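Please read the structure below before turning to the comments.
Protein chains: 2
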Amino acid sequence: MPGDAAMDQPPLGRRAQQRQQRLAQILAAAEQVFATAGFEGASMAAIAAAAGLPKANLHYYFGTKEALYAALLEELLRLWLSATDAIRPDSAPDAALESYIRAKMEWSRSRPHASKLFANEVLRGAPLLSAHLAGGLRAQVEEKSAVLRGWIAEGRMAPVEPRHLFFAIWAMTQTYADFETQIRLVLDVPALGEREFEDGVATVLRLVLGGLALRA
Amino acid sequence: MPGDAAMDQPPLGRRAQQRQQRLAQILAAAEQVFATAGFEGASMAAIAAAAGLPKANLHYYFGTKEALYAALLEELLRLWLSATDAIRPDSAPDAALESYIRAKMEWSRSRPHASKLFANEVLRGAPLLSAHLAGGLRAQVEEKSAVLRGWIAEGRMAPVEPRHLFFAIWAMTQTYADFETQIRLVLDVPALGEREFEDGVATVLRLVLGGLALRA
DNA sequence: GTCTATACGAAGATAGAC
DNA sequence: GTCTATCTTCGTATAGAC
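Protein chains in written order, with the UniProt record's numbering: chain A, 1 to 216; chain B, 1 to 216.
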């Protein structure tokens with residue numbers, strides 16, 4: 001990309017790259033600490049220790065603890081909103097919902113910290129997220145709900161309130177990240193692995209596809 | 001009740017009653033504050049303000065913040081473990097599961113703070129609850145799972161991993177308490193009311209009973 | 001840009017009067 | 001038993017040397 005200012009000046013580009021690496025390094029540590037300790041429970045010292053940096057550096061890059069937290073939420077929100085692509089009017093209902101469920105479950109498996117971070121934020125009343133929930137998320141839910149209502153009207157799936165169906169799917173899939181501790185203790189396994197996620201996917205698929213008369 | 005020591009001595013009895021009232025007053029305030037702020041986010045000053053007492057009184061009755069939090073968890077745990085009674089070998093599978101789902105959803109409606117408190121605790125890794133989760137809860141899940149496996153073996157419901165079915169039901173019902181903020185914003189309503197919980201119950205019942213081939 | 005040392009405030013806990 | 005005043009710790013944030 002020859003118009004990129006950062007690439008035109010190797011010294012500056014290297015510095016910018018260093019900067020991006022530091023930012024990512026801090027954000028990764030913050031994701032982990034905020035996820036399990038919550039906003040109030042997480043200390044800048046703990047995040048700094050997880051990132052392997054003195055805590056003054058965190059303030060140099062992000063200013064305040066809340067700014068770091070907000071930047072993290074902002075970054076993770078993009079991933080969050082990019083999983084419903086499979087639900088389109090021309091899709092087959094069963095394949096679309098199965099794809100969506102598998103994507104959500106994979107998100108819980110690969111990014112449990114991100115899911116826990118959102119859970120903590122919503123539990124707190126979503127002070128930094130309510131605008132996004134009432135904006136982008138609501139709009140996306142309305143759009144996809146319209147698709148589902150179309151399928152229902154065509155008799156291609158059982159009648160259900162689409163928005164509540166989304167709440168149910170979110171809950172069932174995210175619980176494998178947010179309530180991992182509880183699931184692990186009840187199942188008496190040291191950690192959730194392939195087996196547990198396969199059983200989870202199978203259960204959710206049975207309830208959703210079976211409940212909506214999309215398979216035997 | 002004539003053998004009751006508290007009733008035999010009116011002055012002492014009245015004092016004990018006063019004490020119980022204070023304890024309940026503080027626990028109710030603590031439930032509300034801990035639920036939305038989490039353990040670290042909640043301050044003794046905030047709980048004291050919610051209870052209408054000076055914060056020194058909280059320390060007089062409970063000693064430390066952690067002891068207050070532990071007492072609260074202990075108290076709520078009893079309610080938590082008392083909802084699966086409907087699932088018994090001689091029950092009809094559809095009626096038993098419907099009764100269980102309605103009980104769990106009613107719990108989310110009437111005691112959202114308690115649900116949020118548990119959610120916060122589990123998100124933190126359940127430092128004060130892991131013994132109960134690996135003990136009483138696991139035992140109860142195993143017992144009820146055996147009942148479900150019996151029904152499956154008799155061909156009375158579709159095959160499903162019973163423990164994961166419980167995880168799914170817990171997630172779908174508790175989400176109306178824990179993620180109330182998100183649901184409220186997506187639905188664009190000022191608060192969750194009769195309508196929203198009816199839609200929620202209908203959705204969960206459809207997925208579970210339909211998914212397990214317990215109704216059309 | 002990086003890090004040590006520190007200022008400032010908030011919160012848990014207690015002392016001691018009433 | 002109750003409450004005000006205070007002690008102490010801890011965490012955020014910054015100052016200032018390198």
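A virtual CB, placed ideally from N, CA and C, is assigned to each residue, including glycine.
None of the values given here were measured: they were computed from a predicted structure.
| field | Residues, ordered as in the chain, of the region 153-168 of chain B that lie near chain A by beta-carbon distance below 9 Å | value | Answer in chain order: A158, P159, V160, E161, R163, H164, L165, F166, F167 and A168.
Tell me whether B:M105 sits in a helix, a strand or coil according to DSSP, three-state version. In this structure, B:M105 counts as helix in the three-state DSSP scheme.
Measuring straight from C-alpha to C-alpha, what distance separates B:A45 and A:A177? The C-alpha of B:A45 lies about 33 Å from the C-alpha of A:A177.
Check whether the Cβ atoms of B:L192 and A:S130 lie closer than 9 Å to each other. No.
Exercise. Buried or exposed: A:Q32, going by 16 or more other Cβ atoms within 10 Å of its Cβ?
Worked result: Around the beta carbon of A:Q32, 16 or more other beta carbons lie within 10 angstroms, which makes this residue buried.
Exercise. Between which two residues does the alpha helix (DSSP H) containing B:L68 stretch?
Worked result: First-last of the alpha helix (DSSP H) with B:L68: K65 to W80.
Chain A residues whose Cβ lies nearer than 7 Å to that of B:M172
The answer, in chain order, is A168, A171 and M172.
Which stretch, first to last residue, makes up the alpha helix (DSSP H) that contains B:F118?
-> Under the DSSP assignment, B:F118 falls in the alpha helix (DSSP H) whose first and last residues are P112 to L123.
| message | I want to see whether chain B comes within less than 9 Å of A:S110, judged by CB atoms only; does it? | response | At a cut-off of 9 Å, the C-beta of A:S110 has no neighbouring C-beta in chain B.
C-beta contact flag for B:H164 and A:D85 at 9 Å | No.
Practice prompt. Give a yes or no on whether 9 Å exceeds the smallest Cβ distance from A:A202 to chain B.
Written response: At a cut-off of 9 Å between C-beta atoms, A:A202 counts as an interface residue with respect to chain B.
Tell me whether the region 35-44 of chain B and the region 85-104 of chain B touch, counting them as touching only if at least three CB pairs, one residue from each stretch, are closer than 8 Å.
No: fewer than three Cβ pairs fall under 8 Å.
Item to complete: Could you check what DSSP says for A:H132 in three-state terms: helix, strand or coil?
Response: Helix at A:H132.
Looking only at its chain, what residues have a beta carbon closer than 8 Å to the beta carbon of B:Q71, apart from the 5 residues adjacent to it on each side?
With the sequence shown as reference, residue 71 of chain B is identified as Ala, and Gln is not the correct amino acid for it. Take B:A71, set aside five residues on each side of it, and the residues of its chain with a beta-carbon closer than 8 Å to its own are L27 and F62, in chain order.
| said: Please list the terminal residues of the continuous alpha helix (DSSP H) segment that includes residue 284 of chain A. | reply: There is simply no residue 284 of chain A to check, as chain A begins at 1 and stops at 216 in what is shown.
Exercise for review: Check whether the Cβ atoms of A:A29 and A:A56 lie closer than 9 Å to each other.
Suggested key: Going by C-beta atoms, A:A29 is not nearer than 9 Å to A:A56.
Check your understanding: With burial defined as no fewer than 16 other Cβ atoms inside 10 Å of the residue's Cβ, what is the status of B:P2: buried or exposed?
Key -> Here B:P2 scores only 45 on pLDDT, less than 50, and its place in the model is too uncertain to base an answer on.
Original post:
At which residue ranges does the UniProt DNA-binding region "H-T-H motif" (43-62) of chain B contain complete beta strand (DSSP E) runs of 3 or more residues, listed in the order of the chain?
Top reply: If we require 3 residues or more, the UniProt DNA-binding region "H-T-H motif" (43-62) of chain B turns out to have no beta strand (DSSP E) run fully inside it.
Q) To the nearest angstrom, how far is it from the Cα of A:L205 to the Cα of B:R22? A) A:L205 and B:R22: Cα-Cα distance of roughly 49 Å.
| message | Looking at chain A, is there any beta carbon in it that lies within less than 9 Å of the beta carbon of B:Y100? | response | B:Y100 is outside the set of residues whose beta carbon lies under 9 Å from a beta carbon in chain A.
Practice problem: Could you tell me whether the region 148-164 of chain A touches the region 106-117 of chain B, using the rule of 3 or more Cβ pairs below 8 Å? | Solution: Put simply, the region 148-164 of chain A does not touch the region 106-117 of chain B. Fewer than three CB pairs are less than 8 Å apart.
_Which residue wins for smallest C-alpha separation from B:R111, given the options B:L187, B:H132, B:F39 and B:Q174?_
Comparing alpha-carbon positions, the option among B:L187, B:H132, B:F39 and B:Q174 lying closest to B:R111 turns out to be B:Q174.
Cβ pair B:L81, B:L137 closer than 9 Å | Yes, the Cβ-Cβ distance between B:L81 and B:L137 is below 9 Å.
Quiz item: Does B:E40 have its Cβ less than 9 Å from a Cβ in chain A?
Solution: At least one chain A Cβ lies under 9 Å of B:E40.
Report yes or no: is there a C-beta of chain B within less than 9 Å of the C-beta of A:G13? No, A:G13 lies away from the interface with chain B (no Cβ there is under 9 Å from its Cβ).
ask   = How should B:A92 be labelled, buried or exposed, when 16 other C-beta atoms within 10 angstroms of its C-beta is the threshold for buried?
value = Under this definition B:A92 is an exposed residue.
*Could you say which of A:R15, A:A114 and A:K65 lies nearest to A:F39 if we only look at CA atoms?*
Answer by Cα proximity: A:K65.
In the DSSP assignment, the alpha helix (DSSP H) including A:G200 goes from what residue to what residue?
Here the alpha helix (DSSP H) through A:G200 covers E194 to L205.
Legend entry - Exposure of B:V122, with buried meaning 16 or more beta-carbon neighbours within 10 Å: Here B:V122 is buried, its C-beta having at least 16 other C-beta atoms within 10 Å.
> Would you say A:G211 faces chain B, with C-beta separation under 9 Å as the test?
Replying inline: Among the residues facing chain B, A:G211 is included, as its CB has a counterpart in that chain under 9 Å away.
With a 10 Å radius around its C-beta and 16 neighbouring C-beta atoms as the bar for buried, classify B:G211 as buried or exposed.
B:G211 should be labelled buried.
Q) For B:R156, which option in B:I169, B:Q18 and B:L209 has the closest C-alpha, if you only look at C-alpha atoms? A) In this structure, B:L209 is the residue among B:I169, B:Q18 and B:L209 with its C-alpha nearest to the C-alpha of B:R156.
For B:Q18, count neighbouring C-beta atoms within 10 Å of its own C-beta (all shown protein chains included) and say buried if the count is 16 or more, exposed if not.
Per the 10 Å Cβ criterion, exposed.
Margin query: Any beta carbon from chain A within less than 9 Å of B:Q18's own beta carbon?
Written below: No, its Cβ sits nowhere closer than 9 Å to a Cβ of chain A.
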